[in-house]
Ligand code: RB5
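Numbering (this note's numbering), first residue to last: 95 to 447.
The following block contains the structure:
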């Protein structure tokens, strides 16, 4: 097979190679990558042979949007926040596979690794090819990854269909994080440190009115002690304030991915929960005991907790907050289905359909 050397402006040729079950090489923000279409078993086999890679070692998927990840993975609230904060970027996340995927390349897999690069040319390629690609580093398995097109040609010429001329980014491969369990784990160290990722996944937005000020202060002190990063949206003392003024910005910060979790409080917790639930993507649970704190995480993947300062004592509120934050979502199919139905309602209401 002849390996064509192409320029970036020859994207149509690259697309043609991909559609004809080809293996293409291009520079990424880290090292040179080799890509094939996820839907092409012929191309996947060709890639595996070119790299001399074990057949049972799965490839990561190259995606350009959250929607593409959602179509293949079963994401929790925490996972979506990680995606919002770190993708595109030089982090590869391993997520649980969407159990509905029962055929094709990932039929037997329990997890899938996803990468979303910053490079505009690659994003355009993904948009034009209109399906996720499998992406791996350009090298013979076990050798260092190539960073220039010359190196790719030297090692992979005649084994792949084309290579885009150029030079890859920093040469440091992406950090790989296993996010398929409650605790995140580093699989491969890279440019982004685990500490930075943990810092952004353990952030809590706090907000209250005068009806729960001591509760908010006590929860804040305990969370700081436990290592959480807290953003305090007020109120800053016991003087009367309107709960929407503090709760809305806190809920918005969770919806936008600036904070992973939110805890909002007022006298009964009702006003705070109503306010938070007006914000897109928020599932706020008003909780009065430890049992429902755990259940709402397991069943609803709630991302904001509401508490009532006049109905729950300070000590109980702190305990509920701790339990809620440390309880995982069950990931059960029936709960995912129900949460998706709630999301559909939210979308319909927004567009007025
Ligand atoms: C404030 O007095 C009170 O209305 C508020 O804290 C809350 O209970 C509203 O739902």
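We put the beta carbon where it would ideally sit given N, CA and C, even for glycine.
Checklist entry - What's the gap between the Cα of residue 269 and the Cα of residue 124? => result 10 Å
Checklist entry - Quick one, which of 425, 301, 272 and 435 has its alpha-carbon nearest residue 189's? => result 272
Next on the checklist: Just verifying my parser: in three-state terms, what is the DSSP assignment at residue 126?
Outcome noted: strand
Checklist entry - Can you name the start and end residues of the alpha helix (DSSP H) that residue 410 belongs to? => result Residues 408 to 420.
Next on the checklist: Does the distance between the C-beta of residue 307 and the nearest non-hydrogen atom of ligand 1 fall short of 7 Å?
Outcome noted: no
Item to check | Same chain, Cβ closer than 8 Å to residue 325, neighbours up to 5 away in sequence not counted | outcome: 297, 298, 299, 300, 344, 347, 352 and 353
Checklist entry - Can you find a heavy atom of ligand 1 that lies under 7 Å from the Cβ of residue 303? => result Yes.
Checklist entry - If we call anything under 8 Å between Cβ atoms a contact, is residue 309 one with residue 408? => result yes
Next on the checklist: Helix, strand or coil, according to DSSP, for residue 427 in the structure here?
Outcome noted: helix
Checklist entry - Near residue 253, which residues of its chain fall below 6 Å by C-beta distance, leaving aside the five closest residues on each side in sequence? => result 144
Next on the checklist: Under 7 Å: does the beta carbon of residue 362 sit that close to some heavy atom of ligand 1?
Outcome noted: yes
Checklist entry - Helix, strand or coil for residue 316 per DSSP? => result helix
Checklist entry - Count the other CB atoms within 10 Å of the CB of residue 445; is the residue buried (16 or more) or exposed (fewer)? => result exposed
Checklist entry - Cβ of residue 370 within 8 Å of Cβ of residue 418? => result no
Checklist entry - Quick check: the region 377 to 393 against the region 280 to 297, are there 3 or more CB pairs under 8 Å? => result Taking 8 Å as the limit for Cβ pairs, the verdict is that the region 280 to 297 does not touch the region 377 to 393.
Next on the checklist: Extract the residue ranges of the alpha helix (DSSP H) inside the region 133 to 173, only unbroken runs of 4 or more that lie entirely within it.
Outcome noted: 135 to 145 and 160 to 166
Item to check | Short Cβ contact (8 Å threshold) for residue 312 with residue 360 | outcome: no
Next on the checklist: Ignoring anything shorter than 3 residues, give me the beta strand (DSSP E) runs that lie fully in the region 97 to 123, in order along the chain.
Outcome noted: Uninterrupted beta strand (DSSP E) stretches at least 3 residues long and entirely within the region 97 to 123 occur at 98 to 100 and 118 to 121, given in chain order.
Next on the checklist: By the three-class DSSP mapping on this structure, what secondary structure does residue 325 have?
Outcome noted: strand
Item to check | Span of the alpha helix (DSSP H), counted from its first residue to its last, around residue 292 | outcome: From DSSP, the alpha helix (DSSP H) with residue 292 extends over 288 to 295.
Checklist entry - If we cut at 8 Å on Cβ distances, does residue 222 have a partner in chain B? => result In the structure shown, chain B does not exist; there is a single protein chain.
Next on the checklist: Taking the straight line between their C-alpha atoms, what separation do you get for residue 319 and residue 181?
Outcome noted: 29 Å
Checklist entry - Over what stretch of residues does the beta strand (DSSP E) that includes residue 272 continue unbroken? => result 269 to 272
Checklist entry - Run through DSSP, which three-state label would residue 282 get? => result strand
Checklist entry - For residue 253, does the three-state DSSP call read helix, strand or coil? => result Residue 253 falls in the coil class under three-state DSSP.
Next on the checklist: Using CA atoms only, rank isn't needed, just tell me which of 208, 110, 136 and 116 is closest to residue 161.
Outcome noted: Closest by alpha carbon: 208.
Item to check | Option in 263, 246 and 264 with minimal Cα separation from residue 256 | outcome: 246
Checklist entry - What residues are listed by DSSP as bridge partners for residue 229? => result 129
Checklist entry - So is the beta-carbon of residue 198 under 7 Å away from any non-hydrogen atom of ligand 1? => result No, Cβ of residue 198 sits at least 7 Å from all heavy atoms of ligand 1.
Next on the checklist: Less than 7 Å between C-beta atoms, sequence neighbours within five positions excluded: which residues of the same chain meet that for residue 184?
Outcome noted: 123, 124, 268, 269, 284, 285 and 286
Checklist entry - Per DSSP, residue 357 is paired with what? => result 300 and 399
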